[in-house]
Every structure is written in structure tokens, then in C-alpha cells.
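Protein chains in written order, with my numbering: chain A, 52 to 255; chain B, 52 to 255.
Number of protein chains: 2
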Amino acid sequence: MQAGKPILYSYFRSSCSWRVRIALALKGIDYETVPINLIKDGGQQFSKDFQALNPMKQVPTLKIDGITIHQSLAIIEYLEEMRPTPRLLPQDPKKRASVRMISDLIAGGIQPLQNLSVLKQVGEEMQLTWAQNAITCGFNALEQILQSTAGIYCVGDEVTMADLCLVPQVANAESSINKRLLVLEAFQVSHPCRQPDTPTELRA
Amino acid sequence: MQAGKPILYSYFRSSCSWRVRIALALKGIDYETVPINLIKDGGQQFSKDFQALNPMKQVPTLKIDGITIHQSLAIIEYLEEMRPTPRLLPQDPKKRASVRMISDLIAGGIQPLQNLSVLKQVGEEMQLTWAQNAITCGFNALEQILQSTAGIYCVGDEVTMADLCLVPQVANAESSINKRLLVLEAFQVSHPCRQPDTPTELRA
Numbered sequence: 052m053q054a055g056k057p058i059l060y061s062y063f064r065s066s067c068s069w070r071v072r073i074a075l076a077l078k079g080i081d082y083e084t085v086p087i088n089l090i091k092d093g094g095q096q097f098s099k100d101f102q103a104l105n106p107m108k109q110v111p112t113l114k115i116d117g118i119t120i121h122q123s124l125a126i127i128e129y130l131e132e133m134r135p136t137p138r139l140l141p142q143d144p145k146k147r148a149s150v151r152m153i154s155d156l157i158a159g160g161i162q163p164l165q166n167l168s169v170l171k172q173v174g175e176e177m178q179l180t181w182a183q184n185a186i187t188c189g190f191n192a193l194e195q196i197l198q199s200t201a202g203i204y205c206v207g208d209e210v211t212m213a214d215l216c217l218v219p220q221v222a223n224a225e226s227s228i229n230k231r232l233l234v235l236e237a238f239q240v241s242h243p244c245r246q247p248d249t250p251t252e253l254r255a
Numbered sequence: 052m053q054a055g056k057p058i059l060y061s062y063f064r065s066s067c068s069w070r071v072r073i074a075l076a077l078k079g080i081d082y083e084t085v086p087i088n089l090i091k092d093g094g095q096q097f098s099k100d101f102q103a104l105n106p107m108k109q110v111p112t113l114k115i116d117g118i119t120i121h122q123s124l125a126i127i128e129y130l131e132e133m134r135p136t137p138r139l140l141p142q143d144p145k146k147r148a149s150v151r152m153i154s155d156l157i158a159g160g161i162q163p164l165q166n167l168s169v170l171k172q173v174g175e176e177m178q179l180t181w182a183q184n185a186i187t188c189g190f191n192a193l194e195q196i197l198q199s200t201a202g203i204y205c206v207g208d209e210v211t212m213a214d215l216c217l218v219p220q221v222a223n224a225e226s227s228i229n230k231r232l233l234v235l236e237a238f239q240v241s242h243p244c245r246q247p248d249t250p251t252e253l254r255a
């Protein structure tokens with residue numbers, strides 16, 4: 052068991068890292084950031100040291116309570132169990148199902164198809180069409196699902212894990228739920244523009 | 052609130068549907084299958100009726116307890132909360148984190164990159180290389196992670212949600228954990244070869 056502050060391996064621009072940064076901010080968990088630049092030096096995630104830590108060569112990874120957790124939703128679920136306040140999953144199991152369904156739709160149905168490493172594989176010619184397909188198809192479905200789940204936020208009137216997935220995914224798009232969430236402090240302090248590894252010219 | 056048997060919209064060959072079928076079998080939940088053939092009739096998931104049910108046009112979808120849940124892991128988490136026996140998540144939060152990390156790695160890091168609709172988009176020429184890349188990269192990482200989590204099964208000595216993700220993903224591959232799981236009844240009755248919609252020539 053190691054003591055000390057949790058360490059988040061994060062890239063300011065990574066939407067999956069941003070999800071976890073919002074959770075840490077909402078729950079008031081003090082942590083250290085170790086920046087892993089996915090582009091610099093041919094991708095710092097490919098370094099021997101980082102690969103030993105996370106064989107998927109992805110951010111985020113969180114060291115906390117003596118363990119190392121990969122995968123943003125697994126990290127958020129762990130934080131929810133060990134640091135339950137404020138809750139990011141509703142008390143009602145049916146609403147929890149909605150939150151997880153929306154989170155999985157974004158984390159498994161949209162994000163993986165338009166992330167950096169996949170777009171690289173797709174090749175420059177097809178990249179834009181490919182990403183647009185994934186995003187359009189996913190968000191159309193999401194909009195329909197939100198019609199039956201949303202209140203002020205994605206599921207009812209409290210911020211949940213689903214919102215932590217939504218905002219990073221549509222960071223540059225327009226959506227009324229997204230706008231309401233972006234003004235909350237946790238979404239602001241965790242924003243890609245305000246991270247220790249954000250290049251000066253991109254700071255805001 | 053509707054009463055009656057849960058209804059699973061499923062395709063025998065779909066690895067995400069298989070995950071849920073294993074959970075239902077392990078928990079002894081009686082259910083009806085509505086087959087959605089992802090290939091026949093240009094893909095039955097694109098029918099107006101099914102799209103109204105699941106805007107993502109994907110299986111599985113489960114109707115249960117008066118609600119409709121999409122996304123296999125969200126479904127399994129709901130079943131775990133409402134029908135907790137036998138448990139598919141360990142009691143120890145750190146082990147639960149391992150289970151969710153492995154499940155998300157497979158459900159978000161491997162499956163989405165090699166499923167039918169993505170391979171169609173990639174085009175015939177690149178399909179094989181593409182799928183092999185996704186699978187090789189994902190399984191290499193998984194093998195490393197399993198070294199620190201596995202007992203008899205993926206996490207310790209009890210069957211967990213992680214195993215429900217593993218078996219469908221490596222159905223045709225060789226792995227000792229996979230072989231041990233495949234002899235368990237729940238993995239057999241839920242197998243693609245033994246579903247109501249399995250074509251006769253593929254039955255076993």
C-alpha cells in the first residue's frame with residue numbers, strides 16, 4: 052500500500068482523461084498530474100516506462116490507494132465506491148442503468164471510433180468522413196435516448212457519470228445540456244485549456 | 052410497469068449479446084429471445100421498429116422490469132444490482148476495479164474496432180489487417196494485465212463480468228482461462244451455436 056496523493060497520467064487534450072479529471076474535481080480529490088503527451092516524441096505513451104504501467108498505451112491511468120486503474124469508466128466507478136460524495140450515479144437502479152447506458156454509448160460507441168490512434172490507421176484521406184460518421188451516428192442515437200432520460204442534465208437533474216462522458220465528447224459542439232454543464236467549476240478546472248501540460252498558446 | 056419475462060433482442064453471433072446471455076444464464080433468469088439478424092434483409096437492426104427501440108441500431112437490448120436497457124455492460128451492471136446472485140462483481144472494491152477495467156478494455160478497446168459495421172466501413176481490402184491490429188494490440192495488453200489479476204479466471208477464482216467479456220471475444224482463439232470458462236454451463240447454453248436464431252448448419 053503506497054500512501055500519498057493519487058497520480059493521474061493524463062493528456063490535456065484526451066477526452067477520456069477529461070472524464071476522470073471532472074470526477075476528481077467534483078469529488079474534491081487532490082491529485083498530481085503526470086502529463087503523457089500522445090503526440091510529442093512520437094507519442095510518450097509508447098515509452099518503455101509508460102507501457103510497463105499501462106500495456107494499452109492509453110491515458111488516463113490513475114494510481115490511487117496502492118492500485119493502478121486503467122479505463123476511464125472503471126476509474127470513475129472505483130472513485131464512486133470509495134469516495135461516494137457527491138454521487139455520480141443516482142440511487143435508483145433504473146436511473147443508474149440509464150447513466151451507464153449513456154456512458155457506455157459514448158465511451159464504447161463513439162470515442163473509440165474517432166480517437167487519435169484509430170484515425171491514424173484510417174489514413175489522412177478517409178479521416179474526416181470516418182470521424183464524422185462515428186460522431187453523427189452516435190450523437191443522433193444519443194439525442195433520442197436523452198429525450199427519455201434527461202432533466203437539466205443527461206439523466207435527471209443531478210450531474211452524473213453520463214455528463215462526464217458527454218462534455219469531453221462534444222467539447223466543440225453545440226448542445227444546451229453541454230452549455231449548462233460547462234459553466235460548473237469541476238468542468239472548468241478540468242478543461243483541456245487549463246492543465247499543467249497545456250501548451251501556453253492553447254491556455255484559456 | 053410491464054410484467055412478464057424479460058425480452059432480449061439478440062443476434063446469435065454478436066459477442067456483445069453473448070456477454071448478456073451468459074449473465075442471464077449464470078443468474079438463472081428466464082427470458083425470451085427476439086432474434087435481430089444483423090445481416091439478413093440488409094440488417095434487421097435497421098428496421099424502423101428496431102430503431103425506435105434502440106437508436107444505436109445495435110444488439111443487445113434488454114427489456115426488463117418495465118425499462119429498456121442498451122449496452123451490454125450497462126445491462127450486466129443492472130442485473131448485478133437487481134439480481135445479485137451469483138455475484139459477477141467481487142465484494143472487494145479493488146478487485147471490482149480490476150473487473151471493470153478488463154471489461155472496459157474489451158468492450159471499449161477491442162470489440163468496437165473489429166465489429167461488423169466498422170469492418171464494413173474499412174472496406175474489404177483493409178478489413179483483415181485492421182481487425183488483426185485491433186485484436187493483437189488489445190490482447191497483448193490484456194495478457195499483461197491478467198498476469199496481475201488472474202486466478203483460475205480473469206480476476207481471482209470466481210467468474211466475473213470480465214470473463215463474460217473475455218470468452219465471446221476470443222471465442223475462436225486459444226487461451227487456458229478461456230478453455231476453463233467454456234466448459235461452464237452458462238457459457239455453453241448462451242453460445243452462438245445454441246440460440247433460437249442459430250441457422251441449423253451452424254448448430255452444435
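Glycine included, C-beta positions come from ideal geometry on N, C-alpha and C.
Please read these numbers as outputs of a predicted model, since none were measured by experiment.
Residue 141/A and residue 150/A do touch by the CB rule: their CB atoms are close to 7 Å apart, below 8 Å. Short of 7 Å from the beta carbon of residue 146/A, and not among the five residues preceding or following it, lie these beta carbons of its own chain, in chain order: 206 and 207.
Any Cβ of chain B closer than 8 Å to the Cβ of residue 213/A would place that residue at the interface, and such an atom is absent. Its chain contains 127, 130, 139 and 215 as the residues whose beta carbon lies nearer than 7 Å to that of residue 74/A, once the 5 sequence neighbours on both sides are disregarded; these appear in chain order. Of all residues in the region 140-152 of chain B, only 144, 145, 147, 148, 149, 150, 151 and 152 come within less than 9 Å of chain A when Cβ atoms are compared, listed by chain position. Nearest to residue 154/B by alpha-carbon distance, out of 79/B, 136/B, 237/B and 200/B, is 200/B.
Just measuring C-alpha positions, the residue of 59/B, 57/B, 67/B and 63/B sitting nearest residue 213/B is 67/B.
In the DSSP assignment, residue 114/B is bridged to 58/B and 119/B. In chain order, 191, 192, 193, 194, 195 and 196 make up the part of chain A whose C-beta sits under 9 Å from the C-beta of residue 106/B. Shown here, residue 163/A sits in a helix according to DSSP, grouped into three states. Not a single C-beta of chain B is nearer than 8 Å to the C-beta of residue 183/A. Under DSSP, residue 86/A takes part in a beta bridge, and its partners are 61/A. Beta-bridge partners assigned by DSSP to residue 207/A: 201/A.
Counting along the chain, residue 143/A sits inside no alpha helix (DSSP H), nor does DSSP assign it H or E at all.
In this structure, residue 76/A sits near residue 240/A, with a CB-CB distance shorter than 8 Å.
The Cβ neighbour count for residue 112/A, taken over all protein chains shown within 10 Å, is at least 16; the residue is labelled buried. Straight across, the Cα-Cα distance linking residue 188/A with residue 55/A is about 43 Å. Residue environment for residue 114/A: buried (at least 16 other C-beta atoms within 10 angstroms of its C-beta).
The C-alpha of residue 135/A is placed about 8 Å away from the C-alpha of residue 78/A.
Only residues of its own chain outside the window of five on either side were considered, and among them 185, 186, 189 and 220 have a CB closer than 7 Å to the CB of residue 161/A, listed in chain order.
Under a 10 Å Cβ-count criterion, residue 103/A is classified as exposed, with fewer than 16 other Cβ atoms of the shown protein chains found around its own Cβ. Secondary structure of residue 152/A (DSSP, three-state): helix. Residue 219/A: member of the alpha helix (DSSP H) spanning 212-220, first to last residue. Distance between residue 204/B and residue 235/A, taken at the CA atoms: about 42 Å.
Our two residues, residue 87/B and residue 62/B, have alpha carbons roughly 5 Å apart in a direct line. The C-beta of residue 192/A has 16 or more other C-beta atoms within 10 Å across all chains shown, which makes the residue buried. Proximity of residue 169/A to chain B, defined by a Cβ-Cβ separation below 8 Å, is satisfied. Short of 8 Å from the beta carbon of residue 255/B, and not among the five residues preceding or following it, lie these beta carbons of its own chain, in chain order: 242, 244 and 245.
In the DSSP assignment, residue 101/B falls within the alpha helix (DSSP H) that extends over 99-104.
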